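Written below as structure tokens is the structure these notes are about.
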Amino acid sequence: MAIEQGFSDFFYAAPDGLSLHARIYGEANSGHWPVVCLPGLTRNCRDFHELALYLSTRAKRKVVAFDYRGRGQSAYDADIGHYNVGTEAGDILAGLAALGIEEAAFIGTSRGGLIVHVLGAMRPAVLKAIVFNDIGPVIEPQGLAHIRSYLNPMPRPKTYAEVVRDLRSIHGADFPALTDADWERMASALYRETKEGFLPDFDPKLVDTLAGLDLTQPVPDLWPQFDALAAVPMLVIRGANSKLLSAETLEQMRTRHADIETITVDGQGHAPFLESGILPGRIAGFFERAERLRGWK
0 MAIEQGFSDF
10 FYAAPDGLSL
20 HARIYGEANS
30 GHWPVVCLPG
40 LTRNCRDFHE
50 LALYLSTRAK
60 RKVVAFDYRG
70 RGQSAYDADI
80 GHYNVGTEAG
90 DILAGLAALG
100 IEEAAFIGTS
110 RGGLIVHVLG
120 AMRPAVLKAI
130 VFNDIGPVIE
140 PQGLAHIRSY
150 LNPMPRPKTY
160 AEVVRDLRSI
170 HGADFPALTD
180 ADWERMASAL
190 YRETKEGFLP
200 DFDPKLVDTL
210 AGLDLTQPVP
220 DLWPQFDALA
230 AVPMLVIRGA
240 NSKLLSAETL
250 EQMRTRHADI
260 ETITVDGQGH
270 APFLESGILP
280 GRIAGFFERA
290 ERLRGWK
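This is the structure in structure tokens:
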């Protein structure tokens, strides 16, 4: 338990029995849609800590931030074939069932946004409002190539200062707007300290799931799944320097969805830090507007 830090830890069983983890912020909050936070491919619930504190204290919402299997405090899977968005979407639904959450507002960063698309097909009623953080129905191959390039191999720094240094070296060109505090938060969210030094907080075999991708070919798009979300209020956040979500795709999302807001974040790439600048207030305001228009329950 870590209630004194603003959250409590929640463990539950996946449909196949694997032990999975989530953080719950503002557990006693009610009267508003809860917010479900889904991180990127190799990231974990710590990515959302500052935003979750804001939403749980300022906006009085319950916030649930998940660790997928193989990430953070969730157990690693012996079968890396289970590291896919379909299985992970089923894991999220199992977690929501364990928590008694039937509907919520969702924030999906990168991989998390792909999972939201899948949830829309599996359980559309659970989605009351959506924030897509630097993800859409079209994934640019150069963005995937960039992710694959810095994940294989991931640096294994010996000190915390080296963690921050390595992250700046890899991502600095795409994130000139970040402060020292931003880089330090990124380091603490992505790495864990061990006897061997600092290690990325995910199953190393997760990187193998990208090995077989042929990035010379277009990645299959998700326009049918996106169009199926037409009735759900949506906010799309794009980093101005993003290699994964193009400005053209963002504009097409605008033309195909009647109830959509968009924000482009200058000085940031894939994916923008949701706790930075105006974003916490804009996200909270978006949820308030969507809830007011759609109604609670």
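Heads up: the sequence shown begins at 0 in numbering that gives the first Met the number 0, then just goes up one per residue. A virtual CB, placed ideally from N, CA and C, is assigned to each residue, including glycine. None of the values given here were measured: they were computed from a predicted structure.
Is the beta carbon of residue 269 sitting closer than 8 Å to the one on residue 133? What you label residue 269 is simply residue 270 of the sequence shown in a count that begins at 1. What you label residue 133 is simply residue 134 of the sequence shown in a count that begins at 1. Yes. Within cutoff.
Measuring CA to CA, which of 12, 291, 287, 262 is closest to residue 277? For this step, residue 277 is matched to residue 278 along the sequence shown. Checked all of 12, 291, 287, 262; the closest Cα to residue 277 is 262.
Which residues mark the beginning and the end of the alpha helix (DSSP H) in which residue 53 is found? Taking the sequence shown and counting its residues from 1, the one referred to as residue 53 is at position 54. Start and end: 48 to 56.
So which of 114, 162, 135 has the shortest CA-CA distance to residue 255? The sequence position of residue 255 within the sequence shown is 256, counting from 1. Closest by alpha carbon: 135.
How should residue 212 be labelled, buried or exposed, when 16 other C-beta atoms within 10 angstroms of its C-beta is the threshold for buried? Counting from one through the sequence shown, the residue named residue 212 turns up at place 213. Exposed: under 16 other Cβ atoms inside 10 Å.
Is residue 189 helix, strand or coil when you go by DSSP? Taking the sequence shown and counting its residues from 1, one reaches residue 189 at position 190. The answer is helix: DSSP assigns residue 189 an H, G or I state.
Just how far apart, CA to CA, sit residue 84 and residue 175? In the sequence shown, the residue the question calls residue 84 occupies position 85. In the sequence shown, the residue the question calls residue 175 occupies position 176. A straight line joining the alpha-carbon of residue 84 with that of residue 175 spans about 31 Å.
From what residue to what residue does the beta strand (DSSP E) around residue 306 run? There is simply no residue 306 to check, as the chain begins at 0 and stops at 296 in what is shown.
Give the single residue among 196, 121, 153 whose Cα lies nearest to the Cα of residue 159. In the sequence shown, residue 159 corresponds to position 160, counting from 1. Nearest C-alpha to residue 159: 196.
In chain order, which continuous runs of the alpha helix (DSSP H) of length 4 or greater are located wholly inside the stretch 163 to 210? DSSP runs (the alpha helix (DSSP H)) wholly in the stretch 163 to 210: 179 to 189.
Contact set for residue 285: own chain, Cβ-Cβ below 8 Å, skip 5 residues either direction: As a working mapping, residue 285 is identified with position 286 in the sequence shown. Answer for residue 285: 128, 130, 232, 234, 260, listed in chain order.
Ordered along the chain, which non-local residues of its own chain (more than five positions away) have a Cβ less than 8 Å from that of residue 75? Within the sequence shown, the letter at position 76 stands for residue 75. These residues qualify, in order along the chain: 68, 69, 202, 204.
Is the beta carbon of residue 151 closer than 8 Å to that of residue 218? Locating residue 218 in the sequence shown gives position 219, counting from the first residue. Locating residue 151 in the sequence shown gives position 152, counting from the first residue. Not closer than 8 Å, so no.
Let me know if residue 210 comes out buried or exposed under the rule of 16 or more other beta-carbons within 10 Å of its beta-carbon. Counted from its first residue, the sequence shown places residue 210 at position 211. Counting Cβ neighbours within 10 Å, residue 210 comes out exposed, since fewer than 16 surround it.
Residue 153 (DSSP reduced to helix, strand or coil): Here residue 153 refers to the residue found at position 154 of the sequence shown. In the structure shown, residue 153 sits in coil (DSSP, three-state: anything other than H, G, I, E or B).
Specify whether the stretch 101 to 112 and the stretch 177 to 192 touch according to this definition: at least 3 beta carbon pairs, one from each stretch, less than 8 Å apart. Look at the beta carbons and you see the stretch 101 to 112 not touching the stretch 177 to 192: under three pairs across the two are nearer than 8 Å.
Limits of the beta strand (DSSP E) - the one that residue 8 falls within: Within the sequence shown, residue 8 is the residue found at index 9, counting from 1. First-last of the beta strand (DSSP E) with residue 8: 6 to 12.
If I follow the unbroken alpha helix (DSSP H) through residue 315, where does it start and stop? Past the edges of the chain, shown from 0 to 296, lies residue 315, and the structure says nothing about it.
Alpha carbon to alpha carbon, how far is residue 107 from residue 34? Give it in angstroms, no decimals. On the sequence shown, position 35 is the one that residue 34 refers to. On the sequence shown, position 108 is the one that residue 107 refers to. Each residue's alpha carbon lies about 11 Å from the other.
Is it buried or exposed, residue 194, if we count other Cβ atoms within 10 angstroms and call 16 or more buried? Counting from 1 along the sequence shown, the entry for residue 194 is found at position 195. Residue environment analysis places residue 194 among the exposed positions, since fewer than 16 neighbouring C-beta atoms fall within 10 angstroms of its C-beta.
Beta-bridge pairing of residue 264 - partner residues as DSSP gives them: Taking the first residue of the sequence shown as 1, we reach residue 264 at position 265. For residue 264, the pairing in a beta bridge is given by DSSP as 238.
Does residue 95 come out as helix, strand or coil in the three-state DSSP assignment? Along the sequence shown, one-based indexing puts residue 95 at 96. Correct three-state label for residue 95: helix.
How long is the line joining the alpha carbons of residue 244 and residue 115, rounded to whole angstroms? Residue mapping note: residue 244 aligns to position 245 of the sequence shown, counting from 1. Residue mapping note: residue 115 aligns to position 116 of the sequence shown, counting from 1. The alpha-carbon atoms of residue 244 and residue 115 are separated by roughly 16 Å.
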